[in-house]
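Which chain is which? The protein sequence lines are A and B, in order. Heads up: the first sequence begins at 10 in the working numbering, then just goes up one per residue. Heads up: the second sequence begins at 37 in the working numbering, then just goes up one per residue. The beta-carbon is built from N, C-alpha and C at its ideal position, and this holds for glycine as well.
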Amino acid sequence: MAIASVPLRILIGKVGLDGHDRGVKLIARALRDAGLEVIYTGLHQTPEQVVNTAIQEDVDAIGLSILSGAHNTLFRRVLELLKEQEAGDIVLFGGGIIPDEDATALTADGVKVLFGPGRPIQEIVTFVKGLKPHG
Amino acid sequence: MQERKPRFTSLSGFDTNRVYTHSDLKDWSPDEELGAPGQFPYTRGVYPTMYRGRLWTMRQFAGFGSSEDTNRRFKYLLQHGQNGLSVAFDMPTLMGIDADASPAHGEIGHCGVSISSLDDMERLFEDIPLDQVTTSMTINGPAAVIFAMYLAVAEKRGIRLERLDGTLQNDILKEYIAQKEWLYPPEPSLRLMTDTIAYCSEHVPKWHPVSISGYHIREAGSTAVQELAFTLYDGLTYVEAAVKAGLPVDRFAPQLSFFFNAHNDLFEEIAKFRAARRLWAREMTRRYRPGDPRSAQLRCHAQTAGCSLTAQQPMNNVVRTAIQALAAVLGGAQSLHTNSMDETLALPTEDAVKLALRTQQIIAQESEVANSVDPLGGSYYVETLTNRLEEAALDYFRRLDDMGGMVQAIERGFPQREILDASQRYQRELERKERIIVGVNEYVESAERPIPILKIGQEVEREQVARLSDLRKCRDSFKMAGAVEALQEATACGENVMPYLIDAVKAKATLGEICTALKEVLGTYREPVVL
Numbered sequence: 010m011a012i013a014s015v016p017l018r019i020l021i022g023k024v025g026l027d028g029h030d031r032g033v034k035l036i037a038r039a040l041r042d043a044g045l046e047v048i049y050t051g052l053h054q055t056p057e058q059v060v061n062t063a064i065q066e067d068v069d070a071i072g073l074s075i076l077s078g079a080h081n082t083l084f085r086r087v088l089e090l091l092k093e094q095e096a097g098d099i100v101l102f103g104g105g106i107i108p109d110e111d112a113t114a115l116t117a118d119g120v121k122v123l124f125g126p127g128r129p130i131q132e133i134v135t136f137v138k139g140l141k142p143h144g
Numbered sequence: 037m038q039e040r041k042p043r044f045t046s047l048s049g050f051d052t053n054r055v056y057t058h059s060d061l062k063d064w065s066p067d068e069e070l071g072a073p074g075q076f077p078y079t080r081g082v083y084p085t086m087y088r089g090r091l092w093t094m095r096q097f098a099g100f101g102s103s104e105d106t107n108r109r110f111k112y113l114l115q116h117g118q119n120g121l122s123v124a125f126d127m128p129t130l131m132g133i134d135a136d137a138s139p140a141h142g143e144i145g146h147c148g149v150s151i152s153s154l155d156d157m158e159r160l161f162e163d164i165p166l167d168q169v170t171t172s173m174t175i176n177g178p179a180a181v182i183f184a185m186y187l188a189v190a191e192k193r194g195i196r197l198e199r200l201d202g203t204l205q206n207d208i209l210k211e212y213i214a215q216k217e218w219l220y221p222p223e224p225s226l227r228l229m230t231d232t233i234a235y236c237s238e239h240v241p242k243w244h245p246v247s248i249s250g251y252h253i254r255e256a257g258s259t260a261v262q263e264l265a266f267t268l269y270d271g272l273t274y275v276e277a278a279v280k281a282g283l284p285v286d287r288f289a290p291q292l293s294f295f296f297n298a299h300n301d302l303f304e305e306i307a308k309f310r311a312a313r314r315l316w317a318r319e320m321t322r323r324y325r326p327g328d329p330r331s332a333q334l335r336c337h338a339q340t341a342g343c344s345l346t347a348q349q350p351m352n353n354v355v356r357t358a359i360q361a362l363a364a365v366l367g368g369a370q371s372l373h374t375n376s377m378d379e380t381l382a383l384p385t386e387d388a389v390k391l392a393l394r395t396q397q398i399i400a401q402e403s404e405v406a407n408s409v410d411p412l413g414g415s416y417y418v419e420t421l422t423n424r425l426e427e428a429a430l431d432y433f434r435r436l437d438d439m440g441g442m443v444q445a446i447e448r449g450f451p452q453r454e455i456l457d458a459s460q461r462y463q464r465e466l467e468r469k470e471r472i473i474v475g476v477n478e479y480v481e482s483a484e485r486p487i488p489i490l491k492i493g494q495e496v497e498r499e500q501v502a503r504l505s506d507l508r509k510c511r512d513s514f515k516m517a518g519a520v521e522a523l524q525e526a527t528a529c530g531e532n533v534m535p536y537l538i539d540a541v542k543a544k545a546t547l548g549e550i551c552t553a554l555k556e557v558l559g560t561y562r563e564p565v566v567l
């Protein structure tokens with residue numbers, strides 16, 4: 010019972026250099042409105058900053074938005090750092106302008122799911138609410 | 037009689053009547069609200085003949101990979117009938133970061149061309165006659181540095197600066213509002229921008245030193261009204277800064293240019309372009325009483341709405357783009373970029389970008405819409421919309437005035453929050469199917485055929501990093517350091533930075549080195565997080 014009353018903690022952020030934050034902010038708002046605890050990092054985060062914040066804030070999942078084309082490098086770097094910090098149980102998901110081919114390879118490498126343009130926000134909320142608390 | 041919906045609204049949320057009649061324009065005087073084309077308040081267009089005299093410039097925004105890759109794409113576009121260049125830079129360049137700096141890793145050449153030094157800039161424009169093409173450069177935070185590189189390339193080729201024609205986006209306020217690519221805090225950024233305006237007015241008179249942009253504000257989720265209001269208010273802020281710096285308004289205002297989005301709501305968009313011209317003419321005249329009529333004329337570039345394109349059924353994007361391009365043309369834009377159908381997936385392929393260019397050529401040559409100036413002038417509906425947009429924008433002007441101006445409003449997060457709220461409203465409308473996007477929330481297909489997309493190889497990054505390492509080894513580092521130091525001193529003393537920037541880029545200081553040196557003097561910025 011006690012577990013069920015603790016809302017999931019989710020880090021939502023922008024990694025890399027691009028400043029397109031329209032989508033990420035809508036998602037952060039939607040998750041917050043759905044009763045989750047959202048930690049929004051703001052723009053221009055490095056993978057190191059994201060992983061450090063995720064561990065400090067003890068989040069259950071990290072959702073990252075990338076629209077600059079740097080997804081292959083940045084998502085993999087975050088996965089690598091999570092593993093190094095022994096925090097591989099934190100779920101990583103994301104979205105952005107990501108070609109199918111890259112998305113398939115990234116999910117094979119450990120990104121839980123990537124949401125492309127046009128996906129309903131409710132679908133993302135449902136996905137996040139279905140996650141289990143980590144640890 | 038029963039109608040399809042209880043309420044019809046424009047994309048920006050204006051209620052739309054079943055029909056518009058003369059009663060909607062009761063106190064409306066065509067002499068006052070329209071004037072003739074080329075006459076105050078320029079509602080019908082800034083030139084008497086408009087497209088009968090000359091068609092709009094077809095200017096496709098292009099850039100990817102290395103400077104050689106983009107140089108080849110430029111030549112391809114020129115070969116296929118494009119008549120102006122428009123450079124897209126990659127994220128590190130836009131953020132003033134060198135290709136070999138760690139934050140640039142993974143980003144090189146992905147959403148534009150990578151430019152870190154004067155050598156890159158020379159390769160970008162190899163064999164392109166800079167005195168015969170017009171070049172637009174979408175760069176803001178480091179705009180003055182990139183401009184200095186362009187001027188240095190021209191000088192090196194013996195082209196006199198007064199022959200150069202083109203546009204520098206250089207619109208820093210909308211970065212804090214929407215696009216989020218800033219380097220320094222707002223006030224020092226305004227000063228750098230004023231330096232470029234002053235330098236152009238003296239040395240590069242045909243150049244447009246700033247393109248005051250609503251495009252990115254709209255892409256960030258604003259309504260047409262917010263796009264119009266925030267953009268024009270930014271413009272007035274720039275004029276005020278330049279006037280305060282001692283420039284007479286007629287020395288620079290005729291060279292200001294604007295850049296708007298062309299979105300889905302055809303009539304609302306046409307009205308937006310018309311309202312923008314009228315509002316700018318009236319505000320400039322009221323505030324500054326310019327002697328030169330060109331100081332009150334709003335000339336603009338337009339780009340179709342990237343955010344309206346869908347990854348689902350991407351071929352549909354060709355149709356969306358055609359309708360949006362038509363809005364820009366019926367709205368009287370001076371130049372136009374049409375997006376390619378594959379841009380929700382990656383940068384466009386050659387074939388996709390050619391189809392986008394052909395879309396403009398078909399509108400220009402086959403539809404006959406360019407035969408008559410402002411063909412919708414006098415339409416009850418379009419004139420009503422034009423009035424409403426102007427009034428709603430003026431309402432925002434008053435709110436911004438009350439806050440003490442745009443810089444103060446940005447620091448309070450006001451325009452950012454207005455845009456975010458608008459984008460959330462729109463998203464909710466989509467999710468409730470109050471608005472339909474074909475292929476996304478209606479007429480959905482489960483299996484889709486993939487289309488070819490452009491890929492940027494990792495060799496681009498390796499090559500750029502190697503080149504920079506060579507450049508650092510081969511340059512006269514003593515001379516380079518001296519030029520950067522002189523730049524810092526001039527910046528601190530409030531001198532115009534442009535001559536010092538030109539010296540620094542010629543001494544092979546890199547983009548990142550120069551921007552870092554300027555940050556030491558001007559400071560850095562962290563935005564207030566608005567959620």
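Partner residues on chain A for residue i, Cβ-Cβ distance less than 7 Å
i              : result
K216 (chain B) : G28, D30, L52
P486 (chain B) : D109
S513 (chain B) : Per Cβ cutoff of 7 Å: no residues; S513 (chain B) is ~27 Å from chain A at best.
S459 (chain B) : R31, L35
G257 (chain B) : R31
Strand pairing of residue i, partner residues [DSSP]
i              : result
A98 (chain B)  : B:V123
H373 (chain B) : B:Q339
Y417 (chain B) : Answer is none; Y417 (chain B) lacks a bridge partner.
T174 (chain B) : B:A124
F54 (chain A)  : The residue you asked about is not Phe; residue 54 (chain A) is Gln in the sequence shown. Q54 (chain A) pairs with A:V24.
I64 (chain A)  : Paired residues: none, contrary to the question.
Under 8 Å from the C-beta of residue i: neighbouring residues of chain A
i              : result
H337 (chain B) : Within chain A, no residue comes near H337 (chain B); the closest Cβ sits about 21 Å away, beyond 8 Å.
Contact list for residue i against chain B, beta-carbon separation under 7 Å
i              : result
A79 (chain A)  : G142, E143, H146
L88 (chain A)  : Under the 7 Å cutoff, chain B gives no residues; its nearest Cβ is about 14 Å from L88 (chain A).
G127 (chain A) : T346, A347, Q348, V476
A37 (chain A)  : L567
P108 (chain A) : L381, A382, I489
K34 (chain A)  : L456, L567
T82 (chain A)  : H141, G142
Neighbouring residues, chain B, relative to residue i (Cβ below 8 Å)
i             : result
R18 (chain A) : In chain order: nothing, as chain B lies at least about 16 Å away.
D98 (chain A) : Within 8 Å Cβ-Cβ: nothing; D98 (chain A) doesn't reach chain B, min ~25 Å.
Cβ distance (whole Å) where residue i is taken to contact residue j below 8 Å
i              : j              : result
E413 (chain B) : M86 (chain B)  : The question names Glu, but residue 413 (chain B) is Gly in the sequence shown. About 11 Å separates the two Cβ atoms, so there is no contact after all.
L200 (chain B) : A190 (chain B) : 6 Å
V389 (chain B) : S376 (chain B) : 5 Å
L334 (chain B) : A317 (chain B) : 7 Å
S152 (chain B) : L547 (chain B) : 5 Å
S225 (chain B) : A458 (chain B) : That pair is no contact at about 25 Å.
D60 (chain B)  : T420 (chain B) : 5 Å
Sub-8 Å separation of residue i and residue j beta-carbons
i              : j              : result
D301 (chain B) : L466 (chain B) : no
T171 (chain B) : N206 (chain B) : no
N119 (chain B) : T93 (chain B)  : yes
G144 (chain A) : V120 (chain A) : no
H299 (chain B) : R95 (chain B)  : no
G177 (chain B) : M131 (chain B) : yes
A429 (chain B) : L268 (chain B) : yes
A43 (chain A)  : L567 (chain B) : no
G142 (chain B) : T113 (chain A) : no
E386 (chain B) : Y112 (chain B) : yes
V137 (chain A) : I19 (chain A)  : yes
V354 (chain B) : T395 (chain B) : yes
L166 (chain B) : R193 (chain B) : yes
K555 (chain B) : Y220 (chain B) : yes
Within chain B, partners of residue i - CB distance below 9 Å
i              : result
Q131 (chain A) : E467
G25 (chain A)  : M127, P139, G142, E143
T55 (chain A)  : S138, P139
Residues near residue i by beta carbon distance below 7 Å, same chain, minus five either side
i              : result
A519 (chain B) : D539, A540, A543, A545
Contacts around residue i, its chain only, beta-carbon distance under 6 Å, and the 5 residues preceding and following it disregarded
i              : result
P126 (chain A) : none
R511 (chain B) : K544
D156 (chain B) : S103
A11 (chain A)  : Any reading at A11 (chain A) is ruled out, since the residue's pLDDT is 46, under 50, leaving its predicted position unreliable.
Own chain, CB closer than 8 Å to residue i, minus 5 neighbours either side, in chain order
i              : result
G271 (chain B) : I248, L292, F294, W316
W243 (chain B) : L200, D201, G202, T203, L204, C236, Q291
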